[in-house]
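For the sequence shown, the residue numbers in the working numbering are -11 to 100.
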Amino acid sequence: MSEPEDKDLVFPKELVSNAIKNSVDSVITFDTPYQHEKVPQQVSNIVETSIKRLAQLDRPYKYIVTCVIMQNNGAGFHTASSAFWDSCDGTFVHKVEGKNLYVLTTVYCLSL
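The structure is reproduced here in structure tokens:
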């Protein structure tokens, strides 16, 4: 796998990071209570806002965004993912550990 020559094909980690952090922060704060009935809408809002912000970067990528919200009650939570791709593709994981909940948002960026 060779390095991309076009600067648009260099994985924009900082831009992706900012887009995801801002998307999560617009829905969840450190003190947001865990309310089971609100979680589906919160997850949907985070994913949809993330995709919109990523699309606004106007980069030659397709994006996959996943989000998990879990109550912070001492239970364990483990996750893993693996990918085989070109050097211009990338992934970013944003974790929020709030007083009442955990939020794990993952973005996969695949060059066109």
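Don't be surprised by glycine CBs; every beta carbon is placed ideally from N, CA and C.
State buried or exposed for residue i, treating a residue as buried only when at least 16 other CB atoms are found within 10 Å of its CB.
i: V81; result: exposed
i: F37; result: The amino acid at residue 37 is misidentified as Phe; the sequence shows Thr. Looking at its Cβ environment, which holds 16 or more other Cβ atoms inside 10 Å, T37 is buried.
i: P21; result: exposed
i: S11; result: buried
i: I52; result: exposed
i: Q23; result: exposed
i: Q30; result: buried
I need the boundaries of the alpha helix (DSSP H) containing residue i, first residue and last residue.
i: V31; result: V27 to Q44
i: V12; result: K1 to D13
Identify, in the order they occur along the chain, each residue of the same chain with its Cβ nearer than 6 Å to the Cβ of residue i, setting aside the five sequence neighbours on each side.
i: K83; result: L92
i: T94; result: T54 and V81
Taking residue i as part of the beta strand (DSSP E), name the residues at either end of that continuous run.
i: S99; result: L89 to S99
i: V53; result: Y49 to Q59
i: V84; result: G78 to E85
Given this structure, state the Cα-to-Cα distance separating residue i from residue j, to the nearest angstrom.
i: S69; j: L98; result: 15 Å
i: F72; j: T79; result: 11 Å
i: N88; j: V15; result: 14 Å
i: N61; j: Y90; result: 10 Å
i: Y49; j: T67; result: 25 Å
i: K9; j: K26; result: 20 Å
i: K1; j: A63; result: 31 Å
i: R47; j: D19; result: 34 Å
Leaving out five residues before and five after residue i in sequence, what residues of the same chain have Cβ atoms less than 7 Å from its Cβ?
i: D77; result: F(-1), C97, L98 and S99
i: I39; result: Y51 and V53
Excluding the five sequence neighbours on either side, which residues of its own chain have a C-beta within less than 8 Å of the C-beta of residue i, listed in chain order?
i: L45; result: P0, L3, V4 and A7
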